[in-house]
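Numbering (our numbering), first residue to last: 231 to 581. Beta carbons are placed, not taken as given, at the ideal position from N, Cα and C, and that holds for glycine. The structure displayed is predicted, hence computed values, not measured ones. Contents: one structure, followed by commentary.
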Amino acid sequence: MASVELSGISKRWDPVVAVDDVSLTVPDGAFWVFLGPSGCGKTTLMRMVAGLEVPSAGMVRISDTDVTGLEPQERDVAMVFQSYSLYPQMSVFENIRFPLRARRVPRGEHDKRVRKAAELVELGGLLDRKPGELSGGQRQRVALARAIVRSPKVFLMDEPLSNLDARLRVSMRAQLKHLHETLGTTVIYVTHDQVEAMTLADRVVVMNAGRIEQIGSPREIYDDPRTTFVARFVGSPSMNLISGRIDEAQFRLGDIAVAVPGTADAGEATLGIRCEDLRLCDPSDAGIVGTVYASELIGDATLVTVVAEDHQVIAKVGKDTHVKSGERVGLETIGPRFLFDAATGGRVDSA
Ligand SMILES: Nc1ncnc2c1ncn2[C@@H]1O[C@H](COP(=O)(O)OP(=O)(O)O)[C@@H](O)[C@H]1O
Ligand SMILES: [Mg+2]
Numbered sequence: 231m232a233s234v235e236l237s238g239i240s241k242r243w244d245p246v247v248a249v250d251d252v253s254l255t256v257p258d259g260a261f262w263v264f265l266g267p268s269g270c271g272k273t274t275l276m277r278m279v280a281g282l283e284v285p286s287a288g289m290v291r292i293s294d295t296d297v298t299g300l301e302p303q304e305r306d307v308a309m310v311f312q313s314y315s316l317y318p319q320m321s322v323f324e325n326i327r328f329p330l331r332a333r334r335v336p337r338g339e340h341d342k343r344v345r346k347a348a349e350l351v352e353l354g355g356l357l358d359r360k361p362g363e364l365s366g367g368q369r370q371r372v373a374l375a376r377a378i379v380r381s382p383k384v385f386l387m388d389e390p391l392s393n394l395d396a397r398l399r400v401s402m403r404a405q406l407k408h409l410h411e412t413l414g415t416t417v418i419y420v421t422h423d424q425v426e427a428m429t430l431a432d433r434v435v436v437m438n439a440g441r442i443e444q445i446g447s448p449r450e451i452y453d454d455p456r457t458t459f460v461a462r463f464v465g466s467p468s469m470n471l472i473s474g475r476i477d478e479a480q481f482r483l484g485d486i487a488v489a490v491p492g493t494a495d496a497g498e499a500t501l502g503i504r505c506e507d508l509r510l511c512d513p514s515d516a517g518i519v520g521t522v523y524a525s526e527l528i529g530d531a532t533l534v535t536v537v538a539e540d541h542q543v544i545a546k547v548g549k550d551t552h553v554k555s556g557e558r559v560g561l562e563t564i565g566p567r568f569l570f571d572a573a574t575g576g577r578v579d580s581a
């Protein structure tokens, strides 16, 4: 097991800056998830940790050893990708064993190690099959077992579940979490899926255009987003964000008026409210009044989209709420209100 330290890591392919001066330390045994939209530099960052890409600047340390100049095979990390890249002509057993042969691990150890890795991902009964005879989820588990069999210091996983269907993704997610708790190996995991990040991570690193927006526990990222980018990216539906002005401890936009902390400076600002922190109320007592655009039952709740001052505001309310489109409704806030700088998107209220 090992910690992974990045200091001032950048990668440029002129004019693209794929990763821009990233510094952080993933502690020994932790499960960190890098979350961000497509193209924000997640894969590039991961490939620099693996040694598959040479940084334009900065240093990578694994267990306090500078590995920046080392080849991938000298770093003792195992990568699992979105594409499983199994050898189709080899059995599951041989596929899992492959890294042991490549690394000249004594033959006498192979059988035991392959079987143990296969057990951990519940592939024990399938060792004689060929990849072509497996489901997508089983193939992904072979790829995992092939990483596990080496007992690497660090697992690097790049969107490993994105080729699986939604139901399988949920069960593999739980399996990955369980596996991490069993093995205790440091994991760096990359995804654009915020639910995956929230459920798997000890710490989420939110990335935007090659830079770190915020690092925090899933709870911190959700409850205390430091920028509008994080607020928008995490949570489904994403946080309601309304651009307006602050005046005398009130956020205002046209007829919208929401009380905000008195410490907030006057001027332009963006107000953020999560959909579960809004409740329908009588329009005459409401800070936000608008007309219902749509009402959607999602199972355990109803999402009501209200148009107020040209903004669509979504409230997550009780599943037995019935409102019709075109109906005039009021919304009141029953939870935190976030304020962001109108220009930079940074948080300006002191949460
Ligand atoms: N080999 C390369 N040459 C030039 N640009 C690249 C190369 N690899 C990635 N990029 C660019 O770097 C940026 C980050 O890519 P990537 O790390 O793959 O993002 P992500 O994995 O978050 O989707 C993108 O703009 C991408 O087009
Ligand atoms: Mg990628």
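Query raised in the report: Any heavy atom of ligand 1 closer than 6 Å to the Cβ of A196?
Result: Residue 196 falls outside the range modelled here, since the chain spans only 231 to 581, and no answer is possible.
Inset, instruction - Express the C-alpha separation of I442 and G238 in angstroms, rounding to a whole number. - result: Along the sequence shown, read from residue 1 onward, the residue named residue 238 stands at position 8. Along the sequence shown, read from residue 1 onward, the residue named residue 442 stands at position 212. In a straight line, the C-alpha of G238 is about 12 Å away from that of I442.
Requested in this report: Give the single residue among L394, I418, L409, L398 whose Cα lies nearest to the Cα of D388.
Outcome: Taking the sequence shown and counting its residues from 1, one reaches residue 388 at position 158. Nearest option by C-alpha distance: I418.
How about K272: is its Cβ closer than 6 Å to a heavy atom in ligand 3? Inclusion of ligand 3 in the displayed structure is not the case, the ligand content consisting of ligand 1 and ligand 2 alone.
Would you say S286 touches ligand 1, meaning its beta carbon is less than 6 Å from a heavy atom?
-> In the sequence shown, residue 286 corresponds to position 56, counting from 1. Outside the cutoff, so no.
- Task: Sort out for me which residues DSSP pairs A538 with in a bridge.
- Result: Numbered from its first residue, the sequence shown carries residue 538 at position 308. According to DSSP, which records beta bridges pairwise, A538 is partnered with H541.
- [ ] Over the uninterrupted beta strand (DSSP E) stretch that includes E562, give me the two end residues.
- [x] On the sequence shown, position 332 is the one that residue 562 refers to. Element bounds for E562: 558–563.
Kindly give me the distance between the Cβ atoms of V522 and V543, rounded to whole angstroms, as I take these residues to be in contact under 8 Å.
The residue labelled residue 522 in the question sits at position 292 within the sequence shown. The residue labelled residue 543 in the question sits at position 313 within the sequence shown. V522 to V543, Cβ: 11 Å. No contact.
| request: Kindly indicate the opening and closing residues of the beta strand (DSSP E) around E506. | output: Working through the sequence shown from its first residue, we reach residue 506 at position 276. Neither: E506 is in no beta strand (DSSP E) and is coded neither H nor E.
Check your understanding: Residue range of the alpha helix (DSSP H) that M276 falls in?
Key -> Your numbering for residue 276 matches position 46 in the sequence shown. Element bounds for M276: 272–280.
(request) Return the chain-ordered ranges of every alpha helix (DSSP H) run that is complete within the stretch 244–275 and spans a minimum of 4 residues. (result) none
- Item | Nonlocal neighbours in the same chain, by C-beta distance under 6 Å from R359, ignoring five residues either side | Here residue 359 refers to the residue found at position 129 when the sequence shown is read from its first residue. V322.
Using a Cβ-based criterion (distance less than 6 Å to any ligand heavy atom), does G281 qualify as near ligand 1? Your numbering for residue 281 matches position 51 in the sequence shown. Checking every heavy atom of ligand 1 against the Cβ of G281, none is found closer than 6 Å.
_So for M231, helix, strand or coil by DSSP?_
Working through the sequence shown from its first residue, we reach residue 231 at position 1. Coil.
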